[in-house]
Each structure stands twice: as structure tokens, then as C-alpha cells.
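J.: Here's a structure for you.
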């Protein structure tokens, strides 16, 4: 009967992880109703057009904003992007606050690897101010709610894997009974596995909007945004795969 211990561990993992996901979803919904998205969404004009940086953030988050900025600067010859993964400043002034943030992240030397440059700019004050403005407008999901739900979903997935592993150990551990008794043992582990998989399925339908950068209102505005192939808005919507310059794409893929 040693398999009962494995079953208790599996049930505990399933219950704790699913409970955490439900709690995170409830808190996200309460936060949306408490003066956040639900309050401001009704005041968003249906014909509101998203700016380039807003489109990039709602589509792919802070790193997407930085990528769009780097591509824009490279096309305007204000920044050189080498296929080896180096960025070199040509125009130290910058056309807007986001470009000036990139120049500041590169530093006085005028050169930087693109990987640390993207990471530093994505966590800078300019991108943070853009994110705060979108959250205040009801177009973006608050970072705290998105992170909590994403972490909870990962925990439920891990719990599902743990249930399968524990079930296999309980079923095939030597000395746990005859061959005919293994099937009933496996059926017991089907219960916590069903709980975790059902929770993930419900989360996919009901909670998935909270795991994206854009709120439901922001997603509707994104759906209305069209972009010509190769344009900056195409990069904002689809990411690096929309960059038509292989050298720039190689530099940002480092």
C-alpha cells in the first residue's frame, strides 16, 4: 500500500496548483473591476488608433517595443545593426523618447551588443511609462496580474507532469501487488490528473486573455490595426519575422 503515499502527494500537488490558479484568476478579475480595465474600457473610443509603440507593446510586450525602435533607427540610418549582433550609434540625439532611451542604454561608448541593449531598454523608464499609460487606459493587462496567472498556469502544468510520474512510480514499483491490481492503482491517479487537465482547459478559455499583454479592449483595437508587409507596424504586430532586412533580423536574433 506504499502507492497511497504517492497518491496523496499527487492529490496535494493538483489541489494546491489548481487552487493557486483559481485565486490568481479571481484577483485579476477583481482588479479589473476595481477601477482598472472595467472602469476605463467604456471610455475608450471604438475608433481609437494605436500608435506604433502602443501596437508593439500590446502585441509583444516591452521587448517588442525595443525591437521596433531598433528597426526604425536602423532604417533611418540613426543606428547601425551588424549581423554579428552589435549596435553602433550614428545619431546620438534620437527622434523621440524611445530612441533616446536606446541611445542612453548603449552608453557613451556608442556601441553595445544587441542582447543586453534590448534587455536594458525593455526595463527602462520610457517603456515602463508606456506600459503604465496603456494599463491606465484599460488597454493592457497589469503586470502583477499577468505574472501571477502565468506562474500559476506553469505550476498546474508541472503538477500534471508530477501526477503522471507519481502514478507511474506507484503502478510499477516492485512489490505493489499483482499485475491485475495495477490497473485500479492507475485509475486512482486519473482523478488528480483529470483535475489538472480540466483546470488547464478552463484556463485556456476563461483566463487566457489575462496572460496576454493586451486586455480584451486592447485586443479588439489590435485586431482592427492593419499593416503593410515590411512596414514598422508589421514588425510591431508580428515581431522579428516581419523584418525584411536579413542583416537587421540577424542582429536582433543574437
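In our numbering, the protein residues as written are 334 to 587. Glycine residues also receive a C-beta, built at the ideal position from the N, C-alpha and C atoms.
Are residue 455 and residue 394 touching if we call contact CB-CB under 9 Å?
T.: Taking the chain shown and counting its residues from 1, one reaches residue 455 at position 122. Taking the chain shown and counting its residues from 1, one reaches residue 394 at position 61. Result yes, Cβ atoms of residue 455 and residue 394 sit closer than 9 Å.
J.: Write down the C-beta distance between residue 583 and residue 575 rounded to the nearest angstrom, noting that I regard them as a contact closer than 8 Å.
T.: Along the chain shown, read from residue 1 onward, the residue named residue 583 stands at position 250. Along the chain shown, read from residue 1 onward, the residue named residue 575 stands at position 242. 15 Å between Cβ atoms; not a contact.
J.: Could you give the C-beta distance for residue 446 and residue 418, rounded to a whole number, given that I count them as a contact under 8 Å?
T.: One-based indexing of the chain shown puts residue 446 at position 113. One-based indexing of the chain shown puts residue 418 at position 85. With 8 Å as the limit, residue 446 and residue 418 qualify as a contact, their Cβ atoms being about 6 Å apart.
J.: Give the single residue among 348, 352, 383, 483 whose Cα lies nearest to the Cα of residue 552.
T.: Within the chain shown, the letter at position 219 stands for residue 552. It is 383.
J.: Thinking C-beta only, is residue 536 closer than 9 Å to residue 489?
T.: Locating residue 489 in the chain shown gives position 156, where the first residue counts as 1. Locating residue 536 in the chain shown gives position 203, where the first residue counts as 1. Contact flag set, yes.
J.: May I ask you to report which of helix, strand or coil DSSP gives residue 434?
T.: In the chain shown, counting from the first residue as 1, residue 434 sits at position 101. The answer is helix: DSSP assigns residue 434 an H, G or I state.
J.: Is the region 469-483 in contact with the region 424-442, if contact means three or more CB pairs nearer than 8 Å?
T.: Contact between the region 469-483 and the region 424-442 is absent, because fewer than three Cβ pairs lie under 8 Å.
J.: For residue 434, which residues from the same chain have a beta carbon less than 6 Å from its beta carbon, with the 5 sequence-adjacent residues on both sides left out?
T.: In the chain shown, residue 434 corresponds to position 101, counting from 1. Excluding residues within five positions, the ones whose Cβ falls inside 6 Å are 454, 457, 459.
J.: Can you give me the C-alpha to C-alpha distance between residue 501 and residue 519, rounded to a whole angstrom?
T.: One-based indexing of the chain shown puts residue 501 at position 168. One-based indexing of the chain shown puts residue 519 at position 186. Rounded to whole angstroms, residue 501 to residue 519 spans 8 Å at the Cα level.
J.: Which of the three DSSP states is assigned to residue 575 in this structure?
T.: For the purposes of this step, residue 575 is taken as residue 242 along the chain shown, with counting starting at 1. Helix.
J.: Does DSSP classify residue 274 as helix, strand or coil?
T.: Outside the displayed span of the chain (334 to 587) sits residue 274, for which this structure offers no information.
J.: Are the beta-carbon atoms of residue 436 and residue 422 separated by less than 9 Å?
T.: For the purposes of this step, residue 436 is taken as the residue at position 103 of the chain shown. For the purposes of this step, residue 422 is taken as the residue at position 89 of the chain shown. A contact, by the Cβ cut-off of 9 Å.
J.: In chain order, what residues of the same chain have a beta carbon less than 6 Å from the beta carbon of residue 405, not counting five sequence neighbours either side?
T.: The residue labelled residue 405 in the question sits at position 72 within the chain shown. Correct list, in chain order: 565.
J.: Given a threshold of 16 other Cβ atoms within 10 Å of its Cβ, counted over all protein chains shown, does residue 525 qualify as buried or as exposed?
T.: Reading the chain shown from its first residue, position 192 is the one you call residue 525. Counting Cβ neighbours within 10 Å, residue 525 comes out buried, since at least 16 surround it.
J.: Assuming residue 557 and residue 570 are in contact, meaning their beta carbons sit under 8 Å apart, how far apart are those beta carbons, in whole angstroms?
T.: Translated into positions along the chain shown, residue 557 becomes position 224. Translated into positions along the chain shown, residue 570 becomes position 237. Not quite, the Cβ-Cβ distance comes to about 12 Å (not below 8 Å), so this is no contact.
J.: Within a Cβ cutoff of 8 Å, which residues of the same chain sit near residue 444, ignoring the five residues on either side of it in sequence?
T.: Here residue 444 refers to the residue found at position 111 when the chain shown is read from its first residue. Around residue 444: 419, 420, 421, 422.
J.: Could you tell me if residue 581 is buried or exposed, where buried requires 16 or more neighbouring beta carbons within 10 angstroms of its beta carbon?
T.: Mapped onto the chain shown, residue 581 falls at position 248. Buried.
J.: Which term fits residue 396, buried or exposed, when burial requires 16 or more other beta carbons within 10 angstroms of its beta carbon?
T.: Start at 1 with the first residue of the chain shown, and residue 396 comes out as number 63. So residue 396 ends up on the buried side.
J.: Determine, using beta carbons only, whether residue 522 and residue 339 come nearer to each other than 9 Å.
T.: Numbered from its first residue, the chain shown carries residue 522 at position 189. Numbered from its first residue, the chain shown carries residue 339 at position 6. Yes; because the gap between Cβ atoms is below 9 Å, this pair is in contact.
J.: Would you report the Cα separation of residue 353 and residue 480, rounded to the nearest angstrom?
T.: Walking along the chain shown from the start, residue 353 turns up at place 20. Walking along the chain shown from the start, residue 480 turns up at place 147. Cα to Cα, residue 353 sits roughly 13 Å from residue 480.
J.: For residue 408 and residue 392, what's the separation of their Cα atoms in angstroms?
T.: Reading the chain shown from its first residue, position 75 is the one you call residue 408. Reading the chain shown from its first residue, position 59 is the one you call residue 392. One C-alpha to the other measures close to 21 Å.
J.: Tell me which same chain residues have a C-beta within less than 8 Å of the C-beta of residue 464, skipping the five on either side of it?
T.: Taking the first residue of the chain shown as position 1, residue 464 is located at position 131. 390, 395, 473, 476, listed in sequence order.
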